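Taking it in order: structure first as structure tokens, then the write-up.
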Amino acid sequence: MRNLRIAGIGLTAAAALTLTACSGSDTASSGSSSSAPAPAPSSMAAPSSSMAAGDGVTTNADVFGPACSQLPQGSAPGSLDSMGPQPVASAASTNPLLTKLVAAVKATNLVDTLNSQQAITVFAPADPAFAALGDAKFAELAGKPAELAPILQYHVVGKRYDAKGLESAGTLESLNTGGGPLKIEGSGDNLTVNGAKVLCGNIPTKNATVFVIDKVLTPGTNR
Numbered sequence: 599m600r601n602l603r604i605a606g607i608g609l610t611a612a613a614a615l616t617l618t619a620c621s622g623s624d625t626a627s628s629g630s631s632s633s634a635p636a637p638a639p640s641s642m643a644a645p646s647s648s649m650a651a652g653d654g655v656t657t658n659a660d661v662f663g664p665a666c667s668q669l670p671q672g673s674a675p676g677s678l679d680s681m682g683p684q685p686v687a688s689a690a691s692t693n694p695l696l697t698k699l700v701a702a703v704k705a706t707n708l709v710d711t712l713n714s715q716q717a718i719t720v721f722a723p724a725d726p727a728f729a730a731l732g733d734a735k736f737a738e739l740a741g742k743p744a745e746l747a748p749i750l751q752y753h754v755v756g757k758r759y760d761a762k763g764l765e766s767a768g769t770l771e772s773l774n775t776g777g778g779p780l781k782i783e784g785s786g787d788n789l790t791v792n793g794a795k796v797l798c799g800n801i802p803t804k805n806a807t808v809f810v811i812d813k814v815l816t817p818g819t820n821r
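Residue numbering for the sequence shown follows our numbering, beginning at 599 and increasing consecutively.
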């Protein structure tokens with residue numbers, strides 16, 4: 599598992615535990631992906647449909663979950679067709695389910711870092727997960743990037759998995775190596791990550807597979 603270094607941001611254990619209740623390589627589970635600098639050229643195609651299930655690279659046909667119907671359709675910004683060719687942070691910036699997460703990523707200057715990763719898995723808390731904090735708490739965290747960054751790192755795995763790969767893995771190590779393991783349970787439409795339900799999973803982007811979840815994962819709570 600590769601560690602992600604965030605320039606200028608201290609990753610202390612105390613910061614990683616700020617939210618005690620709720621806050622926001624070429625191989626896959628055994629497959630591969632290519633480097634993805636940001637921004638992505640408009641000529642880049644979406645992930646190939648020739649990839650086999652379980653290899654971490656997904657297509658629009660693999661997407662599942664009750665919240666997927668809330669995504670724009672066709673080629674509109676935020677749609678699956680629109681997000682597929684883009685690196686993950688750029689793709690998320692157009693997704694209507696992830697406006698709070700995108701604000702948090704920008705506050706910690708992680709956009710370029712995430713976009714430049716080769717092959718990752720992102721567990722992306724939907725807006726209601728951050729809303730549970732309240733606007734004041736969210737604004738406070740956004741103003742303290744050294745405390746917020748380890749929380750966001752806990753939602754990223756340095757290898758690309760699809761749903762089948764997650765089921766087989768069972769437990770994963772996040773990029774916040776001090777935050778404890780991520781425990782995968784269930785299968786199919788009932789997949790969970792540390793108890794957080796997958797609302798829309800297997801979303802393909804250029805350099806990542808995204809799983810929108812219903813909770814902000816808290817480092818240190820699943821040891």
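Ideal Cβ placement from N, Cα and C applies to all residues, glycine included. Small disclaimer: the values here were computed from a predicted structure and weren't measured.
{"Asked": "Residue closest to P726, alpha-carbon to alpha-carbon, out of A794, T657 and I801", "Found": "A794"}
{"Asked": "Alpha-carbon spacing of Q671 relative to T803, whole angstroms", "Found": "16 Å"}
{"Asked": "In DSSP terms, what A705 is bridged to", "Found": "Per DSSP, none; premise fails for A705."}
{"Asked": "Inter-residue CB distance, A761 and L789 (contact presumed, cutoff 8 Å)", "Found": "6 Å"}
{"Asked": "Residue of A689, P683 and N792 minimising C-alpha distance to E543", "Found": "Within the shown structure, residues of the chain are numbered from 599 to 821, placing residue 543 beyond reach of any answer."}
{"Asked": "Beta-carbon proximity list for Q668, same chain, < 7 Å, skipping 5 on both sides", "Found": "P694 and L695"}
{"Asked": "heavy atom of the ligand FMN below 6 Å from V655 C-beta", "Found": "The ligand content of the structure shown is nil, which means the ligand FMN is not present either."}
{"Asked": "P675 burial status per 10 Å Cβ neighbour count (16 or more: buried)", "Found": "exposed"}
{"Asked": "T692 in three-state terms, based on DSSP", "Found": "coil"}
{"Asked": "Cβ-based burial, P779 [other Cβ within 10 Å; buried from 16]", "Found": "exposed"}
{"Asked": "Where P664 falls, given that 16 or more other Cβ within 10 Å makes a residue buried", "Found": "exposed"}
{"Asked": "Under 7 Å between C-beta atoms of S785 and E771", "Found": "no"}
{"Asked": "Candidates F728, G732 and P743: closest to D812 by CA position", "Found": "F728"}
{"Asked": "Secondary structure of T656, DSSP reduced to three states", "Found": "coil"}
{"Asked": "Nearest-angstrom beta carbon gap, T706 and A747 [assumed within contact, 8 Å]", "Found": "5 Å"}
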